[in-house]
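Chemist: The structure's right below; bear with me while I get my questions together.
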Amino acid sequence: MAAYSDIPLCPTWACLTNSNVHVAKDRGWFKTYTPFTSQINTTPLFASSTYLPVNGIGTVEIPTRRSPNRSGEASHGSILLHGVLHVPDSICNFISIPKMLPDGCVYSTCPHASGKSKGTIKDRQDRNKAYFDPDLPLSCIKVRGYPVGPKLGPHTLHKGVPYLLGCHWEPTEQQKWLDFQAGNAPTQTNLGAVSAANECPPYTDEEKAYLKKHWRSEYHFLLQHGLHIHKEEDREEGRRILRAMMAEEASEEESEDDAFGLLGHQADYNSSERNLDWAKKHYGNRVCYVGYAVVAS
26 MAAYSDIPLC PTWACLTNSN VHVAKDRGWF KTYTPFTSQI NTTPLFASST
76 YLPVNGIGTV EIPTRRSPNR SGEASHGSIL LHGVLHVPDS ICNFISIPKM
126 LPDGCVYSTC PHASGKSKGT IKDRQDRNKA YFDPDLPLSC IKVRGYPVGP
176 KLGPHTLHKG VPYLLGCHWE PTEQQKWLDF QAGNAPTQTN LGAVSAANEC
226 PPYTDEEKAY LKKHWRSEYH FLLQHGLHIH KEEDREEGRR ILRAMMAEEA
276 SEEESEDDAF GLLGHQADYN SSERNLDWAK KHYGNRVCYV GYAVVAS
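Counting in my numbering, the sequence shown runs from 26 upward without gaps.
Below, the structure is given as structure tokens:
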């Protein structure tokens, strides 16, 4: 078992499909850690941005429950996250779904499901890594606590409260980390730092057609996500977002249970008519958006 701090940790790990970085609120979550000063934008779709300070970066292994129908060690799972930012002022911890997709993780959720689970995160072998706690709003994984995990504090997200959550580590800040690593290469451990250019090839013809059909152009698509057509880093981020959305639709078409599917859609206040119809059809009054999560009280 990993060694954890004696200080209770924030147990709320919310999944965001448009966050481009993982975030941990407490220092005690980290297995490896490098002090590093940066900032993240918590309101990337607004004209007036809100930034929170970053204190460091490292690796986090979250002890999870695989399924509500298992007990003992058979129920124990874990999710390993690299390049996690330490943001003490964050409302909770964030898991970036786009960063997990290249690892073969599949994220499926059913916000209105009744019972013991609201969905799962699975690995390449279709094995459960975690499930979503039905007692929490949004898509928050069930975390193992003491004595089979760390001491946990109270949850920071509550049912019946409206939330607007977002998280974006801007390319200029990512570059500072890359420069920092380069300058400290002999002594730094590879923590899986985010690189805006990693594994993000140009659009395929199919992706271009999908983009044109639903958003008219790449410019309009990026605009809705608070990204800029003239910044190559933003265009790469846009390609990741679009691919996550297309993967979601493909998953829904193939699934026998159409109540489950990857989340990927826009906020009501800044969405096209198509996105609104999609969101209302699948999630009703409670909608978890790409990069933002809104819960109607």
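The beta carbon of each residue, even a glycine, is placed where N, CA and C say it ideally should be. Please read all numbers here as calculations on a predicted model, not as lab measurements.
Give me the Cα-Cα distance between S242 and A234, rounded to the nearest whole angstrom.
Modeler: Taking the straight line from one Cα to the other gives about 10 Å.
Chemist: May I ask you to list the residues that DSSP assigns as paired with Q64?
Modeler: Looking at the DSSP assignment, Q64 forms a beta bridge with P78.
Chemist: Leaving out five residues on either side along the sequence, give the residues of the same chain with a beta carbon under 8 Å from the beta carbon of L247.
Modeler: Taken in chain order, the residues that qualify are H253, I254, D259, R260 and G263.
Chemist: Can you check whether the CB of C40 is closer than 8 Å to the CB of C117?
Modeler: Cβ distance not < 8 Å, so C117 and C40 don't count as in contact.
Chemist: Using the C-alpha atoms, what's the distance from E231 back to F119?
Modeler: Distance between the alpha carbons of F119 and E231: 31 Å.
Chemist: T57 bridges to which residues according to DSSP?
Modeler: According to DSSP, T57 bridges with T84.
Chemist: With DSSP as the reference, please indicate the residues paired to R90 in a beta bridge.
Modeler: Beta-bridge pairing links R90 to H101.
Chemist: Tell me, please, which residues DSSP counts as bridged to L41.
Modeler: Answer by DSSP bridge pairing, in chain order: S121.
Chemist: With a 10 Å radius around its C-beta and 16 neighbouring C-beta atoms as the bar for buried, classify M197 as buried or exposed.
Modeler: Met is not the amino acid found at residue 197; the sequence shown has Thr there. Exposed: under 16 other Cβ atoms inside 10 Å.
Chemist: For T68 and H245, I'd like the C-alpha separation in whole angstroms.
Modeler: For T68 and H245, the distance between alpha carbons rounds to 19 Å.
Chemist: In the DSSP assignment, find the unbroken beta strand (DSSP E) run with T145 in it and report its ends.
Modeler: Unbroken beta strand (DSSP E) run through T145: G144 to K147.
Chemist: I need the straight-line Cα distance from I166 to P113, nearest angstrom please.
Modeler: Taking the straight line joining both Cα atoms gives about 20 Å.
Chemist: Checking the sheet assignment: what are the DSSP bridge partners for H111?
Modeler: Answer is A49 and G81.
Chemist: For K154, which three-state DSSP category applies?
Modeler: Reduced to three states, the DSSP call for K154 is strand.
Chemist: If you count every other CB in all the chains shown that lies within 10 Å of the CB of L105, and 16 or more means buried, which is it?
Modeler: So L105 ends up on the exposed side.
Chemist: Between H193 and L77, what straight-line distance do the alpha-carbon atoms span, to the nearest angstrom?
Modeler: Cα-Cα distance, rounded: 11 Å.
Chemist: Could you tell me the distance, in whole angstroms, from the CA atom of T42 to the CA atom of S63?
Modeler: Those two C-alpha atoms are separated by around 22 Å.
Chemist: Counting along the chain, where does the alpha helix (DSSP H) carrying H239 start and finish?
Modeler: Run containing H239: D230 to W240, per the alpha helix (DSSP H) assignment.
Chemist: The alpha helix (DSSP H) that contains D204, what's its start and end?
Modeler: Here the alpha helix (DSSP H) through D204 covers P196 to G208.
Chemist: What separation, rounded to the nearest whole angstrom, lies between the Cα atoms of A155 and R149?
Modeler: When rounded, the distance between both Cα atoms is 13 Å.
Chemist: With DSSP run on the structure shown, which of helix, strand or coil describes H245?
Modeler: Three-state result, H245: helix.
Chemist: Quick check on the burial criterion: 16 or more other C-beta atoms within 10 angstroms. Buried or exposed for V46?
Modeler: Looking at its Cβ environment, which holds 16 or more other Cβ atoms inside 10 Å, V46 is buried.
Chemist: Would you tell me roughly how many angstroms separate the C-alpha atoms of S142 and L267, rounded to the nearest one?
Modeler: About 27 Å.
Chemist: Taking only three categories from DSSP, how would you classify I166?
Modeler: DSSP places I166 in strand when its eight states are reduced to three.
Chemist: Would N153 and S92 qualify as a contact pair, given that the criterion is a beta-carbon distance under 8 Å?
Modeler: Closer than 8 Å, so yes.
Chemist: Once the 5 residues before and after K256 are set aside, which same chain residues still bring their CB inside 8 Å of it?
Modeler: The answer, listed in chain order, is P196.
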